[in-house]
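Input: a single structure, listed below in structure tokens.
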Amino acid sequence: KGIKLTYCTDTRPVQSLIDNALESDLLICEGMYGEKEKQSKAAENKHMMFQEAAKIAKNAKVREMWLTHYSPSLLHPQAYMREVQKIFSNSHAGQDGMSRTLEFQEE
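For the sequence shown, the working numbering begins at 479 and goes up steadily by one.
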């Protein structure tokens, strides 16, 4: 199978994102806004909400998702992770210097 990493930013949720991320070991995905009241702003500016990114991860059956590309107005992305993890449990708020070693898994 190999190792599959998917990275996306500056997009709204679209089916092609699910198709391309399908069964990725790691999805690094835009999460511009965590605040539900910013849904219309996200749509207008063609960005994703944290919750939308979690649904992408769930539907694409990825192993792990990191949220990234936060709005400058979002000071505490971690504050929204409980709700995100209800949708996709292996979600993390990305931060500077974050790293992960992906290992090939024999099937």
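Even glycine gets a Cβ: it sits at the ideal position worked out from N, Cα and C.
Fill in: For residue 509, the nearest candidate out of 520, 583, 580 and 581 (CA to CA)
520
Worksheet entry | Distance CB(residue 541)-CB(residue 498) smaller than 8 Å | no
Practice prompt. Kindly indicate the opening and closing residues of the beta strand (DSSP E) around residue 571.
Written response: Note, residue 571: beta strand (DSSP E), 569-571.
Fill in: Spatially closest choice to residue 435 from 530, 583 and 579, by CA coordinates
Coverage of the chain is limited to positions 479 through 585, which leaves residue 435 absent and any answer about it impossible.
Worksheet item: Does the Cβ-Cβ distance between residue 562 and residue 538 come in under 8 Å?
Response: Taking 8 Å as the Cβ cut-off, residue 562 and residue 538 do not qualify as a contacting pair.
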